[in-house]
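Residue numbers in the sequence shown follow our numbering, run continuously in steps of one, and reach 411 at the last position.
We put the CB at the ideal spot given by N, CA and C, even for glycine.
Working notes for the structure below.
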Amino acid sequence: MTKSLDEQAHAGIHGLHAYVPGKPIDDLKRELGLSSIIKLASNENPFGVAPAVKQAFADFVEHGAADLHRYPDGGGYALKQKIAAIHDIDPARVTLGNGSNDVLELTARVFLGPGKNAVFSQYAFAVYPIVAQAVNAEVREVPALGPDADMPYGHDLDAFIEHIDDNTGVVFIASPNNPTGTWLAPQAIEAFLEAVPPGVIVLLDEAYLEYQADSERPDSRALVDRFDNLIVTRTFSKIYGMAGLRVGYSLSSAKVADWINRIRQPFNVNTVALYCAEAALADEEFVRYSIQTNAVQRASLARELEARGHHCLPSQANFLTFDCGRASTPVYEAMLHEGVIVRPLQSYALPEHLRVTVGSEEENRVFLAALDAVMEGE
Ligand code: PMP
34 MTKSLDEQAH AGIHGLHAYV PGKPIDDLKR ELGLSSIIKL ASNENPFGVA PAVKQAFADF
94 VEHGAADLHR YPDGGGYALK QKIAAIHDID PARVTLGNGS NDVLELTARV FLGPGKNAVF
154 SQYAFAVYPI VAQAVNAEVR EVPALGPDAD MPYGHDLDAF IEHIDDNTGV VFIASPNNPT
214 GTWLAPQAIE AFLEAVPPGV IVLLDEAYLE YQADSERPDS RALVDRFDNL IVTRTFSKIY
274 GMAGLRVGYS LSSAKVADWI NRIRQPFNVN TVALYCAEAA LADEEFVRYS IQTNAVQRAS
334 LARELEARGH HCLPSQANFL TFDCGRASTP VYEAMLHEGV IVRPLQSYAL PEHLRVTVGS
394 EEENRVFLAA LDAVMEGE
C-alpha cells in the first residue's frame, strides 16, 4: 500500500496554520471600494523608504538595471562589508537573509528537526512555531509573565530555563517582542545566556531594536563575541523602510554563519535589495528622524488610548498593543469600514487586544477618530 497524499505531509505541517499578514491596502480597496486607506497593521515605517534608498533605487534603474539579467552576488560581499564595518565584526560572521525571517527559517533548518524542540514565549512572534514545525520539531511555548507583572505578557526567562532540555535546538527570544512590544533588560539577556547550555542556540530577534531607548538596548554585539551559541537578527524592513525589498541579517560566530551559509538559497537576497540596503546604512538622518518621531508619536498615542480607557502594554517598538475591553476582531472589522487597518490579536490568544503601528501624526489622528467612531457606534 502506498501512502495517501495526506500522510505524505509530515505531522508538523498538519499542525500548522499559515501566517496571517496585515491586510494589504489593495485588498481593502477592492473589497470595500474605499479610496483613502491607512494601514497600521504591519509595523512598517510610516515615513516610507529612506531617502538614500530611493536615490539608490533611482540610480540603479538609470545605470545598472541592465545587470538584472545576471544573478545577484550570492555572497553579498559589498553589503556584508558595510554591515561588518558598522558592527566592527568579521564579515564571515554576518549572514544575509531575504528579510530576517529568512534567517529565522535557516536557523531552524540547521538546528531543529524531528526529535528536537524549539523554545519560545507565549505571545512571541508567530513565525517561530512555523519555522520549527516546518522541520517537524516539537514546539515548547513558555507561559508569558502575567498581565499584572512589571512587563505584562513579557518573556519569563526563568521559566524558559525550565523548558530547555537535552533535545532543545533553538531558543527564540525577541526584544522588543512582536506583538506585545515588551522587552528584556540587558542584564536579564546576559544572565540568560550564562544560564543556557552552550550547545543550545539562542536566537535574539532584534527586528525592533532601533526603536528602543539607548539605555534599554543590550550590547548584543559584545554578546556574540562572548557566546558562540548566540545569533542576533536585524532587519532593514522597519527603521529603513525597506519591508518590500526583503533584507535582513544576523551576527553570530563564524562557525554558525558557515553552517547557515551551507543551506541557504545561493541567491537568497536579490540584486536590488543588496544595492539599496548598502545605501540605507548610510542614511543616518532618516534613522534618527524615524526613531525620534516614533518615540514622540508612540507616547502621544499611548496617552490618547489610555485616556479612552484602553490600557496599552509597555512598548519600546514602533507599535502599541492595547486592550479594547471587548472582542477585538469585530472592532478591527468595523475599523476597516472606516478605512483603517490595524491588527486583531485573536490568533495570538489575545482576543481583546488590538495592535496598532505607530503612524505619522496625521495617521494616528485618523486612527483615533476611526476607533472613536467604532466604539461610539456600538
Ligand atoms: N521578527 C519580528 C519580531 C518581526 O515582527 C518581524 C516582522 N514582522 C520579523 C522578525 C521579520 O521581519 P523581516 O523578515 O521583514 O525582516
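- The alpha helix (DSSP H) runs of length 4 or more contained entirely in the stretch 132-199 are, from start to end of the chain, 133-144, 160-167, 190-196.
- Distances from the CB of T215 to the heavy atoms of the ligand PMP are all 6 Å or more.
- Less than 7 Å separates the beta-carbon of Y282 from that of V127.
- With 16 or more other CB atoms across the displayed protein chains lying within 10 angstroms of its CB, M275 is buried.
- Under the three-state reduction of DSSP, C345 is assigned to strand.
- Less than 7 Å separates the beta-carbon of D356 from that of H386.
- The ligand PMP approaches T268 closely enough that one of its heavy atoms is under 6 Å from the residue's Cβ.
- For N262, the shortest C-beta to heavy atom distance toward the ligand PMP is 6 Å or greater.
- For F153, the distance from the CB to the nearest heavy atom of the ligand PMP is not below 6 Å.
- Set against 6 Å, the gap from the CB of G109 to the closest heavy atom of the ligand PMP is not smaller.
- In terms of Cα proximity to I296, the closest of G108, M34, E174 is G108.
- The alpha-carbon separation between V143 and L137 amounts to approximately 10 Å.
- Distance from the CA atom of I293 to the CA atom of S323, rounded to whole angstroms, is 32 Å.
- Under the rule that a run must span 4 or more residues, the alpha helix (DSSP H) segments found entirely inside the stretch 354-400 read 361-370.
- Looking at the backbone, the Cα of I58 and that of G66 are separated by about 11 Å.
- When E195, G372, V289, M408 are compared, the shortest CA-CA separation from G342 is found for M408.
- Put simply, the backbone Cα of G277 is about 30 Å away from that of K288.
- Among the bridge pairs identified by DSSP, R267 is matched with Y282.
- In the DSSP assignment, F205 falls within the unbroken beta strand (DSSP E) covering 201-207.
- Each residue's CA atom was taken as its position, placing G48 and V82 some 37 Å apart.
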